[in-house]
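S.K.:
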Amino acid sequence: MVPPKTVRKETAVKRISKCGISLRLAVALFASAILCNAHAQTKEVWPSKPVRFVVPFTAGGSIDVLARLVGRHLETRLNQPIVVENRTGAGGTVGTDLVARAPADGYTLLFTAQGPLVLNPFLMKRLPYDATTFAPVTVVVEAPNVLVASRQLPVSSFEELRNFAKANPEKMTFATQGIGTTGHVTGELINQQAGTALTHVAYQGFPPALTDVLAGRVSLMIGDTINLVPRIVSGQLRPIAIASTRRSAVLPNVPTFAEAGYPAIVSGPWYAVVAPAGTPIEIRHKLADEIRQVLGLREVQDKLKELGVEARGLSPEEFDVYLKSEYKRWGGVIQKAGISLDK
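Numbering (the working numbering), first residue to last: 1 to 343.
Have a look at this one:
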């Protein structure tokens, strides 16, 4: 038989032990609650400091203008500065790589055309980043490409152009702003879809290309609505077809390639925002929603119309599907045409 004092002593030890376990459990639960609350607060306060839009192209260009336009209105909505930083070089590769290496916290974002994301991976053998790993935010705007003709070329429709090209293959040249541009790959897409044999003439930028087309030294030109709408409206160039799924609001009288029987000829620059891989979906949703609200502002809509672009405002999920389809589509066109930027 155990003595009474021993029983009381063991009971006391058990009580102390149970109290210790309860105390440790309480402390652990309290600490966990604090951490969860802190985590929740971290999600709720984004952005709590300036957000950087990295534009991988030169200041003053159309994409830079759009980044600053959107950024200026976002500042009001997010109550934080939006800093637009131009990091140029290697066809957008330098700035794109900078964002790829940035923290996935929503404070460094890429505001870019599609080139670095869906064209460069097939135009260049070695890229410092993996274009498939970026976290999609939204497509901001699109600027459909337009096929235009010199006034000296005796055609006014795509069907007439195809017939003229068959009879005069040596005369069918098209000018673009350079090798690997959206205008260039659009021309190759036209050749592949319509069976034409248009010969590419690459220029270093839009002005010299325009000069030669106006002079009739080159038959055709492919460029986006941003650059070509003023020349079409003024009558300097004759529009043949627009590479869009529907007629453009800024060029309502210009038929689409689909109307000519080629629905797969859809192309043109689109400007989008992507984030480093791993950026939380909550941040991306918030940013996409805010950009969509900005695109709905009357002042912004007027500026977009002036620039000749069309608002989009896709969700991260919609953009993810679109980005993958564009990557696959343009990869096929570029590889079939044998286009390369590698020297």
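We treat Cβ as the ideally placed atom computed from N, Cα and C, and that holds for glycine. For clarity, every value in this text was computed on a predicted model and none was experimentally measured.
How many Å lie between ALA40 and SER315 at the Cα?
M.R.: Residue confidence is low: ALA40 scores 49 on pLDDT, short of 50, so the model does not pin down where it sits. Its coordinate-derived value is still stated next. Distance between the alpha carbons of ALA40 and SER315 is about 23 angstroms.
S.K.: Within this structure, are the beta carbons of THR344 and ILE240 separated by less than 8 angstroms?
M.R.: Outside the shown range of the chain (1 to 343) lies residue 344, about which nothing can therefore be said.
S.K.: Do ARG238 and ALA311 come within 8 angstroms of each other at the CB atom, strictly closer than that value?
M.R.: It is not a contact, given that the beta carbons lie outside the stated cut-off.
S.K.: On the three-pair Cβ rule with 8 angstroms, is the segment 291 to 300 touching the segment 51 to 64?
M.R.: No, they do not touch.
S.K.: Can you tell me which of ARG246, GLY71, ARG329, LEU78 puts its alpha carbon nearest to the alpha carbon of VAL45?
M.R.: Among ARG246, GLY71, ARG329, LEU78, the Cα nearest to that of VAL45 belongs to LEU78.
S.K.: Within the continuous beta strand (DSSP E) that includes ARG238, where are the two ends?
M.R.: That run of the beta strand (DSSP E) goes 238 to 242.
S.K.: Leaving out five residues before and five after LEU341 in sequence, what residues of the same chain have Cβ atoms less than 6 angstroms from its Cβ?
M.R.: Counting only Cβ-Cβ distances below 6 angstroms, and skipping sequence neighbours, we find LEU123, MET124, GLY180.
S.K.: Taking DSSP's pairing of strands, which residues face PRO136 in a bridge?
M.R.: DSSP lists VAL274 as partners of PRO136.
S.K.: Give me, in chain order, the residues of the same chain whose beta-carbon lies closer than 7 angstroms to that of THR96; leave out the 5 immediate sequence neighbours on both sides.
M.R.: Once the five neighbours on either side are set aside, the close Cβ partners of THR96 are PRO56, LEU110, THR112, PRO116, TYR129.
S.K.: Which of the three DSSP states, helix, strand or coil, is assigned to THR225?
M.R.: DSSP places THR225 in helix when its eight states are reduced to three.
S.K.: With distances taken between CB atoms, is the gap from ALA135 to ARG292 smaller than 8 angstroms?
M.R.: Their beta carbons are not under 8 angstroms apart, which means ALA135 does not touch ARG292 by this criterion.
S.K.: Could you tell me the alpha carbon to alpha carbon distance between PRO144 and LEU304, rounded to whole angstroms?
M.R.: If I take the Cα positions, the gap works out to 13 angstroms.
S.K.: Rounded to whole angstroms, what is the Cα-Cα separation between GLY331 and THR133?
M.R.: The alpha-carbon atoms of GLY331 and THR133 are separated by roughly 16 angstroms.
S.K.: Under three-state DSSP, which class holds ASN120?
M.R.: DSSP places ASN120 in helix when its eight states are reduced to three.
S.K.: Applying the 10 Å Cβ sphere with the 16-neighbour rule, what's the burial state of ALA167?
M.R.: ALA167 comes out exposed.
S.K.: Within 10 Å of its beta-carbon, does GLU306 have 16 or more other beta-carbons around it, so buried, or fewer, so exposed?
M.R.: Classification for GLU306: exposed.
S.K.: Could you pull out every residue in the same chain whose Cβ sits closer than 6 angstroms to the Cβ of GLY346, ignoring the five residues on either side in sequence?
M.R.: It is not possible to answer for residue 346, since the shown part of the chain is limited to 1 through 343.
S.K.: Is THR58 buried or exposed, if buried means 16 or more other CB atoms sit within 10 Å of its CB?
M.R.: Looking at its Cβ environment, which holds fewer than 16 other Cβ atoms inside 10 Å, THR58 is exposed.
S.K.: Please classify ALA344: does DSSP put it in a helix, a strand, or coil?
M.R.: Residue 344 falls outside the range modelled here, since the chain spans only 1 to 343, and no answer is possible.
S.K.: In chain order, what are the residue ranges of uninterrupted alpha helix (DSSP H) at least 4 long that sit wholly in the segment 187 to 224?
M.R.: Here the runs fully enclosed are 206 to 214.
S.K.: For GLY338 and HIS184, what's the separation of their Cα atoms in angstroms?
M.R.: Going by the C-alpha atoms only, they are around 12 angstroms apart.
S.K.: Return yes when the Cβ of GLY313 is within less than 8 angstroms of the Cβ of THR225, no when it is not.
M.R.: In this structure, GLY313 does not lie closer than 8 angstroms to THR225 by Cβ.
S.K.: Among all the DSSP beta bridges, which residues are the ones paired with THR256?
M.R.: Its beta-bridge partners are ILE242.
S.K.: Express the C-alpha separation of GLY205 and GLN177 in angstroms, rounding to a whole number.
M.R.: The alpha-carbon atoms of GLN177 and GLY205 are separated by roughly 4 angstroms.
S.K.: Helix, strand or coil for VAL27 per DSSP?
M.R.: Any answer about VAL27 is weak, because its pLDDT of 48 lies below 50 and its placement is not dependable; what the coordinates show is given next. Three-state DSSP puts VAL27 in a helix.
S.K.: For ASN227, which residues from the same chain have a beta carbon less than 7 angstroms from its beta carbon, with the 5 sequence-adjacent residues on both sides left out?
M.R.: The residues are PHE206.
S.K.: Residue range of the beta strand (DSSP E) that LEU304 falls in?
M.R.: Taken as a continuous stretch (DSSP letters only), LEU304 belongs to no beta strand (DSSP E), being part of the alpha helix (DSSP H) at 298 to 307.
S.K.: Measure the C-alpha to C-alpha separation of SER248 and VAL254 and round it to an integer number of angstroms.
M.R.: Each residue's Cα considered, the two are about 8 angstroms apart.
S.K.: Going straight from the alpha carbon of GLU170 to that of THR199, what length do you get?
M.R.: Each residue's alpha carbon lies about 8 angstroms from the other.
S.K.: Can you tell me whether DSSP reads VAL82 as helix, strand or coil?
M.R.: Residue identity check: residue 82 is Ile in the sequence provided, not Val. Looking at ILE82 - three-state DSSP - the assignment turns out to be strand.
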